């Protein structure tokens with residue numbers, strides 16, 4: 087009998103389970119509001135940690151929890167330039183000395199040519 091039921095059906099596309107005689111986990115719904123004014127609800131389990139932001143189901147932007155706190159801003163490191171990394175390894179006096187050595191090498195090569 088099971089074979090007859092599955093024959094011709096789309097496996098994985100249709101569930102043959104029903105909600106009869108089952109008790110669902112307790113749920114809570116929380117409201118989110120995006121910058122464009124879309125307000126929608128998302129169901130969560132009662133014991134789940136509710137995130138402060140959620141993707142808006144209408145336009146994909148970031149929506150904030152209606153009764154939640156503002157999310158913490160992440161600390162952003164300023165970009166390090168080549169010069170900053172160079173100054174971590176050498177002092178200005180060392181760099182000046184290296185520059186003078188290289189300039190002297192260039193001058194001697196040009197003097198020979």
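Residue numbers (our numbering): 87 to 199.
Just so it is clear, CB atoms sit at the ideal spot from N, CA and C, and this is done for glycine as well.
The structure presented is a predicted model; accordingly, all values stated were derived computationally and were not measured.
*asked:* Suppose contacts are defined by Cβ-Cβ distances below 8 Å. Is residue 130 in contact with residue 114 by that definition?
replied: yes
_When you compare the stretch 164–177 with the stretch 134–153, are there three or more beta-carbon pairs, one atom per stretch, that lie closer than 8 Å?_
For the pair of segments examined, the stretch 164–177 was found not to touch the stretch 134–153: the number of CB pairs separated by less than 8 Å stays below three.
*May I have the straight-line CA-CA distance separating residue 160 from residue 189, to the nearest angstrom?*
45 Å
_Restricting to Cα atoms, I'd like to know which of 104, 170, 136, 111 is closest to residue 154._
136
*Taking the alpha-carbon positions, what's the residue 148 to residue 158 distance?*
15 Å
*Check whether the Cβ of residue 131 sits closer than 7 Å to any heavy atom of the ligand COA, and report yes or no.*
Only the bare structure without any ligand can be found here, which leaves the ligand COA out of the picture.
*asked:* Using only the alpha-carbon positions, how far apart do residue 178 and residue 197 sit?
replied: Each residue's alpha carbon lies about 28 Å from the other.
_Suppose the cutoff is 7 Å on Cβ atoms and the five residues either side in sequence are ignored; what does the same chain contact list for residue 140 look like?_
118, 128, 149
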